[in-house]
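**Q** Numbering (this note's numbering), first residue to last: 28 to 247.
Idealized CB from N, CA, C, for every residue including glycine.
Being a predicted model, the structure only gives us computed values, none of them experimental.
There's a structure below that I have some questions on.
In C-alpha cells, the structure reads:
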C-alpha cells in the first residue's frame, strides 16, 4: 500500500502554519511512542495539530497497524488487506492521544468514499486523462484486439502518453513513493513531491482563505 493519496494532503497548505502538520505514510515505519511525541510537539508549537495518516501505515515488521486491530481482515483478489472505510485506525489513534497526552479534544475521521467522489474538488487534468483512458481502451480493443489495461505514462515536465500494458505487468503490484519524495523527518513530503503533484491538480482546485479580524485602534 502506497502513500501517494495521503501525501497529497500537503498541497492543501497555503499558510506557513497550515495543516496537515504531520503526515504518516506506509513507506516509513510507524511507532506509536514517536507519533505521540510528534503530536505533543506540534500542539505545543502551534496550539493545534492536524494529522494525515495513511491507512496502510505499518510497524517495523511490515504488519499494518490496521491489520493488528481488525478482528476479521478482509482481502482483495490479490491478497491485499482492504483498509478503507473501517474507521478502526482513526479510532485507535484518537484513543491513544486522549489516553497518553494532556490533549482532550481529539477527532478522527476516515474519508472512505469521500476522497474518491467529492465533486467539489475534481481536477480537470484528472477528468481529461480518465476520459482519454476510456477512449484508448476502446481503440486498443477495436484495432489491435489485445488483452491488457491502459496505463498513463508521464513524459517531459508534464505531458502524458497512453499505452496498453499486459495485465501481468500491473496486477497485484504497487508503486511506492520514492525516498526523494519523503522528508527526512518521515512525517512530511519534500518540495520534489509538491512539484511532481501540482500539475495533476489542474486549474479548478478551491483556494483556502482565512478570516482575520482587522486591527482597531484603541480609543481612550
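Nearest-angstrom Cα distance between residue 151 and residue 224?
**A** Each residue's alpha carbon lies about 14 Å from the other.
**Q** Which term fits residue 57, buried or exposed, when burial requires 16 or more other beta carbons within 10 angstroms of its beta carbon?
**A** Buried, by the Cβ-count rule.
**Q** Nearest CA to the CA of residue 143: which residue from 66, 135 and 154?
**A** Residue 143 has its Cα closest to that of 154, out of 66, 135 and 154.
**Q** May I ask which residues mark the beginning and end of the alpha helix (DSSP H) holding residue 166?
**A** First-last of the alpha helix (DSSP H) with residue 166: 151-170.
**Q** With respect to the alpha helix (DSSP H) encompassing residue 66, which residues constitute its N-terminal and C-terminal limits?
**A** Element bounds for residue 66: 59-73.
**Q** Exposed or buried, residue 98, counting other C-beta atoms within 10 Å across all chains shown (16 or more means buried)?
**A** For residue 98, the predicted model reports a pLDDT of 48, less than 50, meaning its position is unreliable and no value from the coordinates is stated.
**Q** So, for residue 81: in the same chain, excluding its five sequence neighbours on each side, which residues have a beta-carbon less than 6 Å away from its beta-carbon?
**A** Closer than 6 Å at the Cβ level, and outside the excluded window around residue 81, lie 30, 33, 52 and 53.
**Q** From this set, 38, 91 and 222, which residue's C-alpha is nearest residue 184's C-alpha?
**A** When each option's Cα is compared against that of residue 184, the closest is 222.
**Q** Where residue 131 and residue 63 are concerned, what is the direct C-alpha to C-alpha distance, given to the nearest angstrom?
**A** Straight-line Cα distance between these residues: approximately 13 Å.
**Q** Across which residues does DSSP place residue 85 in a beta bridge pair?
**A** Answer is 56 and 91.
**Q** Taking 8 Å as the cut-off, does the segment 195-203 touch the segment 39-50 (at least 3 CB pairs, one atom from each stretch)?
**A** Counting Cβ pairs under 8 Å, fewer than three are found: no touch.
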